[in-house]
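Peer 1: Residue numbers (this note's numbering): 331 to 584. Yeah, the Cβ is synthetic: ideal placement off N, Cα and C, and Gly gets one too. Keep in mind it's a predicted model, so treat the numbers as computed, not measured.
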Ligand SMILES: [Zn+2]
């Protein structure tokens, strides 16, 4: 924060009133505290990401897990009858707490984006779906095509993607009704964010790993279409995490 002393920064507005001077001083102090807090939160976030990366490198997150909502939700399960990885209770609770903290932080970011862009109705209910990820330190959000934040460039990219998928996967994409599901999933917030991330990254996501949070559940049309979209964008490793904390990882078009 460059302004340390409001009284030295010249006459701005009415400074003759002692009360208003003190009030502005307090406001500036508050702004400095907010900046410090957000810096601390950013550091906490980096620490959490490092811990998550460490745990992911040791335990395979793609291994099947007990569905969310189940009393054992979040536990890794055995694969193909083999023996599952058994985490120490302490490690398991640390991983669980970090994943929950990351989910909570993501939902807060999405909430802030919603209020900034008016994506709440009069009753503060969410309009549409919002997705969020961070790529190279930059926040990227996605929204569905009904959202005021959805631009012409988003629609053009989604339509181009739909044309490509229709040509490549006619059986999956139902060519006889191109305006229908699951084709229309390319206009959902999940595809929007992938297309935006690719544009931010020179048109491709090849070799990248993305974790994308959504403040709704992933619909079953998206489950069909998203792996194909990701494949077209250079086959990155993408994990979608929905509002329930369920994780969907896609790679090689599946
Ligand atoms: Zn969807």
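What does the alpha-carbon distance come out to for the pair residue 554 and residue 418?
Peer 2: Translated into positions along the chain shown, residue 554 becomes position 224. Translated into positions along the chain shown, residue 418 becomes position 88. Near 35 angstroms, if we compare the C-alpha coordinates of residue 418 and residue 554.
Peer 1: Skipping 5 residues on each side, what residues in its chain have a beta carbon closer than 6 angstroms to that of residue 487?
Peer 2: On the chain shown, position 157 is the one that residue 487 refers to. The answer, listed in chain order, is 525.
Peer 1: So, for residue 450: in the same chain, excluding its five sequence neighbours on each side, which residues have a beta-carbon less than 8 angstroms away from its beta-carbon?
Peer 2: Numbered from its first residue, the chain shown carries residue 450 at position 120. Taken in chain order, the residues that qualify are 444, 456, 457.
Peer 1: Give the DSSP bridge partners of residue 469, in chain order.
Peer 2: Looking up residue 469 in the chain shown gives position 139. Answer is 464.
Peer 1: Within this structure, are the beta carbons of residue 545 and residue 460 separated by less than 8 angstroms?
Peer 2: Position 215 of the chain shown holds residue 545. Position 130 of the chain shown holds residue 460. Taking 8 angstroms as the Cβ cut-off, residue 545 and residue 460 qualify as a contacting pair.
Peer 1: Exposed or buried, which one is residue 484 when buried takes at least 16 other CB atoms within 10 Å?
Peer 2: If you number the chain shown from 1, residue 484 lands on position 154. The residue is buried, with at least 16 neighbouring Cβ atoms inside 10 Å.
Peer 1: What residues in its chain sit with their C-beta under 7 angstroms from that of residue 413, if we drop five residues either side in the sequence?
Peer 2: Here residue 413 refers to the residue found at position 83 of the chain shown. With a pLDDT of 42 at residue 413, under the threshold of 50, the modelled position of that residue is not reliable, and no figure is offered here.
Peer 1: What residue does the alpha helix (DSSP H) around residue 543 start on, and which one ends it?
Peer 2: On the chain shown, position 213 is the one that residue 543 refers to. Taken as a continuous stretch (DSSP letters only), residue 543 belongs to no alpha helix (DSSP H), being part of the beta strand (DSSP E) at 539 to 544.
Peer 1: Please determine, among 534, 566, 570, the residue with the shortest C-alpha to C-alpha distance to residue 432.
Peer 2: Locating residue 432 in the chain shown gives position 102, counting from the first residue. Among 534, 566, 570, the Cα nearest to that of residue 432 is on 570.
Peer 1: Do residue 563 and residue 528 have their C-beta atoms closer together than 8 angstroms?
Peer 2: In the chain shown, counting from the first residue as 1, residue 563 sits at position 233. In the chain shown, counting from the first residue as 1, residue 528 sits at position 198. Closer than 8 angstroms, so yes.
Peer 1: Return the first residue and the last residue of the alpha helix (DSSP H) that residue 479 is part of.
Peer 2: Counting from one through the chain shown, the residue named residue 479 turns up at place 149. Counting along the chain, residue 479 falls outside any alpha helix (DSSP H), and DSSP gives it neither H nor E.
Peer 1: Rounded to the nearest angstrom, what separates residue 536 and residue 568 at their Cα positions?
Peer 2: As a first step, residue 536 is located in the chain shown; it is residue number 206 there, counting from the start. As a first step, residue 568 is located in the chain shown; it is residue number 238 there, counting from the start. About 11 angstroms.
Peer 1: Tell me where the beta strand (DSSP E) around residue 571 begins and ends.
Peer 2: Within the chain shown, residue 571 is the residue found at index 241, counting from 1. Taken as a continuous stretch (DSSP letters only), the beta strand (DSSP E) holding residue 571 covers 567 to 571.
Peer 1: When a residue counts only if its C-beta is closer than 6 angstroms to some heavy atom of ligand 1, which residues count, in chain order?
Peer 2: Qualifying residues, in the order they occur: 515, 518, 520, 549, 551, 552.
Peer 1: Note down the Cα distance separating residue 479 from residue 522, rounded to an integer number of angstroms.
Peer 2: By one-based count along the chain shown, residue 479 stands at place 149. By one-based count along the chain shown, residue 522 stands at place 192. Going from the Cα of residue 479 to the Cα of residue 522 covers about 11 angstroms.
Peer 1: Rounded to a whole number of angstroms, what is the C-alpha to C-alpha distance between residue 516 and residue 552?
Peer 2: The residue labelled residue 516 in the question sits at position 186 within the chain shown. The residue labelled residue 552 in the question sits at position 222 within the chain shown. For residue 516 and residue 552, the distance between alpha carbons rounds to 8 angstroms.
Peer 1: Do residue 503 and residue 300 have their beta-carbon atoms positioned less than 8 angstroms apart in this structure?
Peer 2: There is no way to answer for residue 300, as the model of the chain reaches only from 331 to 584.
Peer 1: Thinking C-alpha only, which one of 462, 466, 481 is nearest residue 472?
Peer 2: Counting from one through the chain shown, the residue named residue 472 turns up at place 142. The shortest C-alpha separation from residue 472 is found at 462.
Peer 1: Do you know how far the Cα of residue 530 is from the Cα of residue 292?
Peer 2: Not covered by the structure: residue 292. The range shown for the chain is 331 to 584.
Peer 1: Could you give the DSSP three-state label for residue 517: helix, strand or coil?
Peer 2: Reading the chain shown from its first residue, position 187 is the one you call residue 517. Residue 517 falls in the helix class under three-state DSSP.
Peer 1: Please tell me whether residue 583 and residue 561 are closer than 8 angstroms, where the distance is taken between their beta carbons.
Peer 2: As a first step, residue 583 is located in the chain shown; it is residue number 253 there, counting from the start. As a first step, residue 561 is located in the chain shown; it is residue number 231 there, counting from the start. A contact, by the Cβ cut-off of 8 angstroms.
Peer 1: Per DSSP, what are the beta-bridge partners of residue 578 in this structure?
Peer 2: Translated into the one-based positions of the chain shown, residue 578 becomes position 248. Bridge partners of residue 578: 570.
Peer 1: Quick check: what's the CA-CA separation for residue 493 versus residue 514?
Peer 2: Here the question's residue 493 lines up with position 163 in the chain shown. Here the question's residue 514 lines up with position 184 in the chain shown. The alpha-carbon atoms of residue 493 and residue 514 are separated by roughly 11 angstroms.
Peer 1: Taking the CB atoms as reference points, tell me whether residue 543 and residue 470 lie closer together than 8 angstroms.
Peer 2: Indexing the chain shown from 1 puts residue 543 at position 213. Indexing the chain shown from 1 puts residue 470 at position 140. It is not a contact, given that the beta carbons lie outside the stated cut-off.
Peer 1: Could you check how far apart the C-beta atoms of residue 566 and residue 540 are, in whole angstroms? I think they sit under 8 angstroms.
Peer 2: Taking the first residue of the chain shown as 1, we reach residue 566 at position 236. Taking the first residue of the chain shown as 1, we reach residue 540 at position 210. Contact holds; Cβ gap of about 6 angstroms.
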